[in-house]
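One structure is given here, and the rest of the page talks about it.
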Amino acid sequence: MTPRPVLVGVDTGGTFTDLVAVVGGWLRVLKVRSTPHDPAAAVRAGLATLGGAARLHYGSTVATNALLERRGARVALLTTAGFEDVLEIGRQVRPALYALEPQRPAPLMPRARRIGVRERVLADGTVETPLRPREVARALAAVARSRATAVAVCLLHGYARPAHERRLGRALAGRGLHVTLSHRLLREYREYERVATTALNAYVGPLMARHLRALAAVVPGRRLRVMQSGGGLIGAAVACAEPVRTILSGPAGGVVGAAERARRAGHRRVITLDMGGTSADVSLVDGALAYRSETSIDGLPVRVPAIDIHTVGAGGGSLARLDRGGALRVGPESAGADPGPACYGRGSAPTVTDANLVLGRLVETEFLGGAMRLDRARAERAIAPLARRLGRSVEATAAGIVRVANAAMERALRVVTVERGHDPRLFTLVAFGGAGALHAAELAATLGIRRVYVPRQPGLLSAWGVLAAEVVRDYGRTLRVVAPPEGVLGAGFRALVRAAARDLERE
């Protein structure tokens, strides 16, 4: 009888869901088709094949996809009266400086669901306008009229004195709403970033909570841990309350796994290339993981610690097409898991995977270890219309698709190296993900990289990284310091240490 896995690491991607299990002192690996309509279904199917799991470490793009596809909750924002438009005003940042019709990220809720509350706390924590009971009642009535299912509470200077946010939180409790209080999520200044992060957490919260509850039913107790954007694990309860911390959990698992495997192989200065079905994720590891305190998703700031990862829409499932000028383009749209690339047997649109198959870079009978057969004739039929419009052969068009995808990944590699003052020739390129090794040699040659390291089972490395990750909790707080600062900083740091000890003991 096969023993039950002690620990399983899972990475849910856009095309495949990967599982790596520790069984009787050995590693057992499995790939199953992702189920975008219900991501937990693929995990359940994989666990059933493996025989269950005593503990589960989980990395996912559920929260990311909900934001990108705008499938989150109907969320309302409670904020200090007069600051309802902070989300729309944002910062004076113009990434597309010369665009004739610049596009701004749309707020996660319309103006009608951004509710002003008459209260005011100053930056030093002094209460200028107290929060009256009738104002609390008025805010609750406005939330009820909005028919919101989630509420973000972010009051001006709530990090300095959170009493008003706590009162609103208590009043909202027990009403069946997913409530996020900014001082619990991000007790730091910078009003726009704090309100954007709080709103995003409330927006993806109900969806993530339902998803994790479905997984917790398979792994009962406190045995489900979720990967964070910063590369550490948190308990399922924390992930339900603060899902914004998991926004980049899938790519983070890949970087953690790649850095550790490369270190064991003697490579400490590496560039990681994780090319999956939907995107390619690139990061630089110069002896240690690179972190950032803030990242951006779909143009919205997310102020949580994250591994520094640059993502481009060039994956195995990225769709090839001709633009209005007749030029060949690849991505960011993807065939995903359903229908998937044409060669999988259900789709008809040409993808990078179809191009690799036509060029003989994939073996029809060996895909997924022989568990899945690819259809070369179907891939050729998918690429043929593009070839006719370009006046090229199917093989030449397939080679062009690969070159365009490589160009996008080359730009990403230059962003994390040359644009930040690093010479890529001094690093080793670690290629993984289902498609990374197919493109690594050409990318390395273009950038002058002399060493390419492809770990064993590269298509499962992200799941391995999630499995091997440690429990990590991040704490931060803005303190107003008047000289001498030693006592204030020391007291603030000790308070954070006590909070960390309490939370980790609870988990």
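Numbering (the working numbering), first residue to last: 8 to 514.
Here a beta-carbon is modelled for each residue, glycine too, at the ideal position from N, C-alpha and C.
Predicted model only: the values in this text are computed from it and were never measured.
Asked                                                                                                                                                            : Found
Could you give the distance in angstroms between the alpha-carbon of L14 and the alpha-carbon of R276?                                                           : 30 Å
If you measure between the beta carbons of L561 and M416, is that distance less than 8 Å?                                                                        : Nothing about residue 561 can be reported from this structure: the residues present for the chain run from 8 to 514 only.
Name the one or two DSSP bridge partners that H317 has.                                                                                                          : V289
At 4 residues or longer, and completely inside the region 343-426: list those alpha helix (DSSP H) runs for me, N to C.                                          : 359-365, 383-397 and 401-423
Between I278, P465, Y65 and P102, which has its C-alpha nearest R421's C-alpha?                                                                                  : I278
Taking contact to mean 3 or more Cβ pairs, one atom from each stretch, closer than 8 Å, check whether the region 457-465 and the region 421-439 are in contact.  : yes
Among the candidates L26, R410, L503 and V319, whose CA atom is the shortest distance from the CA of A52?                                                        : L26
Going by beta-carbon coordinates alone, are S290 and V262 separated by less than 8 Å?                                                                            : yes
When every heavy atom of the ligand MN is checked, does at least one fall within less than 7 Å of the C-beta of Y105?                                            : With respect to the ligand MN, the structure shown offers nothing to examine, as it has no ligands at all.
Look up H429 in the DSSP assignment and say whether it is helix, strand or coil.                                                                                 : coil
Start and end of the alpha helix (DSSP H) containing Y210?                                                                                                       : E198 to A223
Count the other CB atoms, across all protein chains shown, that sit within 10 Å of the CB of E135; report buried if there are 16 or more and exposed otherwise.  : exposed
What residues in its chain sit with their C-beta under 6 Å from that of P258, if we drop five residues either side in the sequence?                              : D288 and I316
With DSSP as the reference, identify every bridge partner of V478, one or two as the case may be.                                                                : L240
Does the region 89-103 come within contact of the region 174-183, defined as at least 3 CB pairs closer than 8 Å?                                                : no
Considering only their Cβ atoms, is the gap separating H64 from V479 smaller than 8 Å?                                                                           : no
So the beta strand (DSSP E) I304 belongs to, where does it begin and stop?                                                                                       : T302 to I304
Is F434 helix, strand or coil by DSSP?                                                                                                                           : coil
For the beta strand (DSSP E) that G159 lies in, which residues bound it at each end?                                                                             : It is Ala, not Gly, that sits at residue 159 in the sequence shown. Unbroken beta strand (DSSP E) run through A159: A157 to V160.
Can a CB atom of chain B be found closer than 8 Å to the CB of G332?                                                                                             : Structure shown: chain B not included; a single protein chain is present.
With three or more C-beta pairs closer than 8 Å as the rule, is the region 206-216 touching the region 179-196?                                                  : yes
What are the start and end residues of each continuous alpha helix (DSSP H) run of 4 or more residues lying completely inside the region 70-103, in chain order? : 93-96
Is P250 helix, strand or coil when you go by DSSP?                                                                                                               : helix
Considering only the alpha carbon of each residue, which of R111, R81 and P114 lies closest to A155?                                                             : R81
Using a Cβ-Cβ cutoff of less than 7 Å, which residues in the same chain neighbour A406 once the five nearest sequence positions on both sides are dropped?       : L366
Which residue or residues does DSSP assign as beta-bridge partners of P308?                                                                                      : S303
DSSP state of D131, grouped into three classes?                                                                                                                  : coil
Pick helix, strand or coil for L326, following the three-state DSSP scheme.                                                                                      : strand
Decide if the region 112-129 is in contact with the region 151-170; the criterion is three or more beta carbon pairs, one per stretch, under 8 Å apart.          : yes
In chain order, what residues of the same chain lie with their CB nearer than 7 Å to the CB of S355, ignoring the 5 residues before and after it?                : A349 and A389
Let's test the definition: count the other Cβ atoms within 10 Å of the Cβ of Y482 and tell me whether it reaches 16, buried, or not, exposed.                    : exposed
Give the C-beta separation of T372 and R383 to the nearest angstrom, bearing in mind that I take them to be a contact with Cβ-Cβ under 8 Å.                      : That belief does not hold up - the Cβ atoms of T372 and R383 are roughly 11 Å apart, past 8 Å.
On the DSSP bridge assignment, give the partners of D281 in chain order.                                                                                         : D288 and F439
Which residues in the same chain have their Cβ closer than 6 Å to the Cβ of P431, if we skip the five residues on either side of it in sequence?                 : T424, L454 and I456
Using CA atoms only, rank isn't needed, just tell me which of A119, L85, H171 and L115 is closest to T133.                                                       : H171
Helix or strand or just coil, what does DSSP make of D45?                                                                                                        : coil
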